[in-house]
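Number of protein chains: 2
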Amino acid sequence: MKAAVLRWAEPKDMKAVLGLIQELADFEKEPEAVVISEDDLLEHAFGGQPKFQCFVAEKQGQVVGMALFYPRYSTWKGPTFHLEDLIVTQKERGTGLGKALYTKFIAYAEAQGVRRIEWVVLDWNTHAVNFYENSGADVLEDWRTVQMDQAAMRRYLAKENENI
Amino acid sequence: MKAAVLRWAEPKDMKAVLGLIQELADFEKEPEAVVISEDDLLEHAFGGQPKFQCFVAEKQGQVVGMALFYPRYSTWKGPTFHLEDLIVTQKERGTGLGKALYTKFIAYAEAQGVRRIEWVVLDWNTHAVNFYENSGADVLEDWRTVQMDQAAMRRYLAKENENI
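As given, the protein sequences belong to chains A and B, one line each in that order.
Going by the working numbering, the letters in the first sequence line up with residues 1 to 164, in that order.
Going by the working numbering, the letters in the second sequence line up with residues 1001 to 1164, in that order.
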């Protein structure tokens, strides 16, 4: 942990943030899935209406980890935060940086008064599952994420319009 | 579908919206889970910084269904929408209202240019799972939702502080 600083991400960090995002996509076996650009991240984080917030871990001038999150809303509990990505670059894993970023995010969320934090984990990533459960989080077994991409949305709408 | 109108929710609808939220919690076998109030919904939907948007289905002057959603962010794809609740009251199920609300949400999301929409479904709710898959959505089998509530966040932070 020596010489690691945790701080809010700045515009100059978005290149490194994109690098970490790509590294995670590679790990999750979806290397082609990242279509976002550095300019997108700059606009979405620092444009008029920020779409996410991000802490980074910096070590010897390099961004080596990040915790990226945004507000969500539970109709049961009220305002929540969603932790979209918690990433530490491969060569810095096992040094406690991931836990430090996780703790910083939780401390910030608690201070903001959100009633819940949430995120998703791959069920085969047992290291992560165990880490989260040991920290007191609940891994929900019976909920499934459902997604529809832009192309599928358009196919669905075209079909519905035919049926009218 | 006769006499059903789909429109944006207004402040006067929040009492009925809360009723639908409670009805869904009962169906999902968590009747005690709803801690939010009508005043919370009013503040969160129509206060300075809206935390969600909502379409309602109105029939003979009664709100009988809703589609409630908010923006999210994918570090792979960019801006997305999350459909938090798609609810039709018990006695109006099977009338096509759920599909009409779903279509209205998808059409709005597509028009806004989001690159993905997503939501969650209970894996034992096979009726819903089939409906979503038939519409062209993907039900992801290997992702799990993780949640930590406010009490667990405080326990975690207290323990971490002891360790420092």
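Ideal placement from N, C-alpha and C gives every residue a C-beta, glycine not left out.
Since we're looking at a predicted model, the values are computed, not measured.
Closer than 9 Å to chain B by CB, residue i
i, result
"Thr-89(A)", "no"
"Val-47(A)", "In the sequence under discussion, the amino acid at residue 47(A) is Gly, which differs from the Val named in the question. False, the Cβ-Cβ gap to chain B never drops below 9 Å."
"Glu-195(A)", "For residue 195(A) there is no data in the structure shown, the boundaries of chain A being 1 and 164."
"Leu-68(A)", "yes"
Neighbour flag for residue i against chain D, beta carbons, 9 Å
i, result
"Leu-157(A)", "Here the protein chains are A and B, and chain D is not one of them."
Same chain, Cβ closer than 7 Å to residue i, five either side skipped, listed in chain order
i, result
"Leu-86(A)", "Ala-67, Gly-98, Leu-101 and Tyr-102"
"Pro-1011(B)", "Leu-1042 and Phe-1046"
"Phe-1069(B)", "Phe-1052, Gln-1053, Phe-1081, His-1082, Leu-1083, Glu-1084 and Phe-1105"
"Glu-1028(B)", "Leu-1122"
"Val-1034(B)", "Ile-1021, Gln-1022 and Ala-1025"
"Glu-133(A)", "Val-139"
"Lys-77(A)", "Arg-115 and Arg-116"
"Leu-1006(B)", "Phe-1055, Ala-1057, Ala-1100, Leu-1101 and Lys-1104"
"Asn-1130(B)", "none"
Test: residue i CB closer than 9 Å to a CB of chain A
i, result
"Leu-1122(B)", "yes"
"Glu-1160(B)", "yes"
"Ala-1033(B)", "yes"
"Ala-1152(B)", "yes"
"Leu-1097(B)", "no"
Close-in-space but distant-in-sequence residues of the same chain around residue i (CB under 8 Å, 5 per side omitted)
i, result
"Trp-8(A)", "Gln-53, Cys-54, Phe-55 and Val-56"
"Glu-1023(B)", "Ile-1087, Thr-1089 and Gln-1090"
"Val-1017(B)", "Ala-1009, Leu-1041, Cys-1054, Val-1056, Val-1063, Met-1066 and Leu-1068"
"Tyr-1156(B)", "Met-1148"
"Ala-128(A)", "Val-121 and Leu-122"
"Pro-31(A)", "Gln-22 and Ala-25"
Same chain, Cβ closer than 6 Å to residue i, neighbours up to 5 away in sequence not counted
i, result
"Lys-59(A)", "Ala-3 and Ala-4"
"Ile-1036(B)", "none"
"Glu-38(A)", "Met-14, Lys-15 and Leu-18"
Buried versus exposed call for residue i [16 or more other C-beta atoms within 10 Å across all chains shown]
i, result
"Thr-126(A)", "exposed"
"Glu-118(A)", "buried"
"Pro-79(A)", "buried"
"Gly-1065(B)", "buried"
"Arg-154(A)", "exposed"
"Ala-1158(B)", "exposed"
"Ala-1109(B)", "buried"
"Ala-1189(B)", "Outside the displayed span of chain B (1001 to 1164) sits residue 1189(B), for which this structure offers no information."
Residue i to residue j span [Cα, whole Å]
i, j, result
"Pro-50(A)", "Arg-1072(B)", "11 Å"
"Val-1063(B)", "Asp-1026(B)", "18 Å"
"Ser-74(A)", "Asp-1123(B)", "19 Å"
"Asp-40(A)", "Glu-162(A)", "35 Å"
"His-44(A)", "Glu-1092(B)", "40 Å"
"Thr-1145(B)", "Trp-143(A)", "7 Å"
"Ser-135(A)", "Gln-112(A)", "20 Å"
"Met-14(A)", "Val-114(A)", "26 Å"
"Met-148(A)", "Gly-61(A)", "39 Å"
"Gly-48(A)", "Ala-107(A)", "26 Å"
"Gly-960(B)", "Glu-141(A)", "Beyond the ends of chain B as shown, which are 1001 and 1164, falls residue 960(B); an answer cannot be given."
"Gln-1150(B)", "Gly-1094(B)", "38 Å"
"Glu-160(A)", "Ala-152(A)", "12 Å"
Within 8 Å of chain B by C-beta, residues of the stretch 71-86 of chain A in sequence order: Pro-71, Arg-72, Tyr-73, Ser-74, Thr-75, Trp-76, Lys-77, Gly-78, Pro-79, His-82, Glu-84 and Asp-85
According to a CB-to-CB cut-off of less than 8 Å, which residues of the stretch 1125-1150 of chain B neighbour chain A? Val-1129, Tyr-1132, Ser-1135, Gly-1136, Ala-1137, Asp-1138, Val-1139, Leu-1140, Glu-1141, Asp-1142, Trp-1143, Arg-1144, Thr-1145, Val-1146, Gln-1147, Met-1148, Asp-1149 and Gln-1150
Short-range partners of chain A found in the stretch 1037-1061 of chain B, where Cβ spacing is below 7 Å: Asp-1040, His-1044, Lys-1051 and Phe-1052
When Cβ atoms are compared, which residues of the stretch 99-124 of chain A fall closer than 7 Å to chain B? Thr-103, Ile-106, Ala-107, Ala-109, Glu-110, Arg-115, Arg-116, Ile-117, Glu-118, Trp-119, Val-120, Val-121, Leu-122, Asp-123 and Trp-124
In chain order, what residues of the stretch 13-28 of chain A put their CB closer than 7 Å to some CB of chain B? Ile-21 and Ala-25
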